[in-house]
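Down below is the structure, laid out as structure tokens.
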Amino acid sequence: MINKAGGNSGANTKNYRVSIPADMIRALGVTEDNRSVTLTFQDGKLIIEKA
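So the sequence shown is numbered by UniProt numbering: it starts at 1 and just counts up by one.
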């Protein structure tokens, strides 16, 4: 999903978001209390790991 950024952002600033299925998030061990993840871009792939 692509949205225009608000606030003091520049006129052409955009935010990009990706929805991830809940079962994948649970498999990573992400919870409301422990939700830190690391996002890496490597060899054309996005890699999401539990921090």
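By construction, the Cβ of each residue, glycine as well, lies at the ideal position given by its N, Cα and C atoms.
The three-state reading of DSSP puts isoleucine 20 in coil, since its state is none of H, G, I, E or B.
Inter-residue distance for lysine 50 and glycine 6 is about 29 Å (C-alpha atoms, whole angstroms). Judged by beta-carbon spacing, valine 37 lies within the 8 Å limit of leucine 28, meaning their Cβ atoms are closer than that value.
Rounded to whole angstroms, the Cβ separation of leucine 39 and isoleucine 48 is 6 Å, and the two are in contact under 8 Å.
Per the C-alpha coordinates, the member of Arg17, Asn8, Thr13 positioned closest to methionine 1 is Arg17.
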